[in-house]
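Participant: One structure coming up, written as structure tokens, with questions to follow.
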Amino acid sequence: MDLNTITEIQRPSRVEDVKEWQNGYAYLAGGTWLFSEPQVNTHTLIDLETLQWPSLTATADGLEIAATCRVIELENFAAPPDWLAAPLLSECCHSFLASFKIWNEATVGGNIIMSLPAGPMISLTSALEGVMTLWPRGGEPRQVPVLDFVTGNHQNVLQPGELVRSIFLPAHALKKKYAFRRFTLTHLGRSETLIIGTLCPEHREFVLTITASTLRPMQYRFDSVPSAAEVRSVVEGIPLDHYLSDTHGSPEHRQHLTYYFSEQIRQELSA
Ligand SMILES: Cc1cc2nc3c(=O)[nH]c(=O)nc-3n(C[C@H](O)[C@H](O)[C@H](O)COP(=O)(O)OP(=O)(O)OC[C@H]3O[C@@H](n4cnc5c(N)ncnc54)[C@H](O)[C@@H]3O)c2cc1C
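Just add 45 to the spot in the sequence shown (first one is 1) and you have this note's numbering.
Below, the structure written as structure tokens:
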């Protein structure tokens, strides 16, 4: 939609070109959310595309994903063969509501910053132990695990004017085996639950990451593949009011699916 409150668009080539931060400023990434509803309190968009950050940088240490990396670029990334978890990138890119129109424009950073429970880039990067680099206005860069960045439904730790620069996925996480489960009420619908398990082939550590069903990502670590009773106990330990309630599913149904899929993941990774 047209945003008729916008009176200025800045296209900086460096972040320092954005002088003083004001109420009414907003960073523009893919624009898929910004242009999807009226932004009555926004008068200036700061387009991040002109910063021209390299989208994906793979090294022996891991994968740095620029906040401005488009979902489609992540989907097309060719990973080294020993990054066993690489197919998860594609699985999560396909986990948006409604389709290719969103993947082609939406950015990885924009999705995490929206901090919606059904944000598949949150699922991906929290399961793969991602750490975000944030650039506060006038301060030193700070690093925050994705798991701690999202604090609730559409809530996170980002301060006014603070920019998300990148998300780093460590190689040790990318080398893990994984299992993925997702449920949507309708074909191409919004995720009602999205659960990922990872298993370290070397140390056997098992990590269960629960997203979409809960208001924010929840993660549980075990030294080895847990028993069925341990998985049940973890899921039963999540209070019902930590589950999302909306037209895509009730807390009770989300809790049921969370347990059902977590147990499937446990069995798959213990095989
Ligand atoms: C049809 C449709 C389906 C959708 N499906 C889903 C879905 O399944 N799951 C889901 O989670 N969302 C969904 N969305 C919402 C939204 O499109 C996505 O979350 C998308 O990934 C947002 O990314 P973007 O790059 O387009 O962000 P933008 O719309 O450009 O920005 C989103 C917000 O993040 C801020 N921002 C962006 N980049 C930065 C940065 N680097 N630093 C600081 N702030 C920044 C912007 O100022 C804005 O407040 C959907 C939207 C539509 C219209």
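Heads up, the beta-carbon is just placed ideally off N, CA and C, and yes, glycines get one too.
1. Give the DSSP-derived three-state secondary structure of tryptophan 78 in the structure shown.
2. Can you tell me where the beta strand (DSSP E) holding asparagine 288 begins and where it ends?
3. Buried or exposed: asparagine 156, going by 16 or more other Cβ atoms within 10 Å of its Cβ?
4. By Cβ distance, which residues of its chain are closer than 6 Å to alanine 218, with the 5 residues on each side in sequence left out?
5. Scan the stretch 146-178 and note each continuous beta strand (DSSP E) run of 3 residues or more that stays entirely inside, going in chain order.
6. Just verifying my parser: in three-state terms, what is the DSSP assignment at alanine 103?
7. By the 10 Å Cβ neighbour count, where 16 or more other Cβ atoms means buried, how is asparagine 49 classified, buried or exposed?
8. Below 8 Å CB to CB, which residues in the same chain sit around alanine 71 once its five sequence neighbours on both sides are set aside?
9. Determine whether the beta carbon atoms of proline 296 and isoleucine 167 lie at a separation below 9 Å.
10. Per DSSP, which one or two residues make a beta bridge with tryptophan 324?
11. Mind checking whether alanine 74 and leucine 101 have CB atoms under 9 Å apart?
12. Measuring from the CB of threonine 196, is there a heavy atom of ligand 1 at a distance below 8 Å?
13. Could you check where the alpha helix (DSSP H) with glutamate 297 kicks off and where it finishes?
14. What I want to know is whether the C-beta of lysine 146 ends up closer than 8 Å to one or more non-hydrogen atoms of ligand 1.
15. So what's leucine 214 in DSSP terms, helix, strand or just coil?
16. Kindly confirm or deny that the stretch 234-247 and the stretch 182-199 touch, where touching means at least three C-beta pairs closer than 8 Å.
17. For phenylalanine 228 versus glutamate 250, is the C-beta spacing smaller than 9 Å?
18. Going by DSSP in three states, phenylalanine 122 sits in which element: helix, strand or coil?
19. Suppose you measure from the CA of tryptophan 148 to the CA of proline 165; what does that come to, to the nearest Å?
20. Would you say the beta carbon of threonine 152 is closer than 8 Å to some non-hydrogen atom of ligand 1?
21. Would you mind sorting leucine 179 into buried or exposed? The rule is 16 or more other CB atoms within 10 Å of its CB.
22. Are there any heavy atoms of ligand 1 lying less than 8 Å away from the beta-carbon of threonine 89, as far as the coordinates show?
23. Compute the distance between the beta-carbons of leucine 96 and threonine 77, then report whether it is under 9 Å.
Facilitator: Let me spell this out:
1. DSSP places tryptophan 78 in the coil class of the three-state scheme, outside both helix and strand.
2. Here residue 288 turns out to be tyrosine, not asparagine, going by the sequence shown. Counting along the chain, tyrosine 288 sits inside no beta strand (DSSP E), nor does DSSP assign it H or E at all.
3. Its Cβ being crowded by 16 or more others within 10 Å, asparagine 156 is buried.
4. Closer than 6 Å at Cβ, skipping near neighbours: Leu173 and Glu174.
5. With a minimum length of 3 residues, there is no unbroken run of beta strand (DSSP E) contained wholly in the stretch 146-178.
6. Alanine 103: strand per DSSP, three-state reduction.
7. Exposed, because fewer than 16 other Cβ atoms sit within 10 Å of the Cβ of asparagine 49.
8. Answer for alanine 71: Leu79, Gln84, Thr87, Thr89, Leu90 and Ile91, listed in chain order.
9. Taking 9 Å as the Cβ cut-off, proline 296 and isoleucine 167 do not qualify as a contacting pair.
10. With the chain represented from 46 up to 316, any question about residue 324 goes unanswered, as that position is not in the structure.
11. For alanine 74 and leucine 101, no; Cβs fall outside 9 Å.
12. In this structure, ligand 1 has no non-hydrogen atom nearer than 8 Å to the beta-carbon of threonine 196.
13. Run containing glutamate 297: 296-315, per the alpha helix (DSSP H) assignment.
14. Within the chosen limit of 8 Å, ligand 1 reaches the beta carbon of lysine 146 through at least one heavy atom.
15. Strand, per DSSP.
16. Verdict: no, contact absent.
17. Contact flag unset, no.
18. It is coil, neither helix nor strand.
19. Straight-line Cα distance between these residues: approximately 11 Å.
20. Proximity of the beta carbon of threonine 152 to ligand 1 is indicated: a heavy atom of the ligand is located closer than 8 Å.
21. Counting Cβ neighbours within 10 Å, leucine 179 comes out buried, since at least 16 surround it.
22. Answer for threonine 89: no, Cβ out of range of ligand 1.
23. Note that the C-beta distance between leucine 96 and threonine 77 is not below 9 Å.
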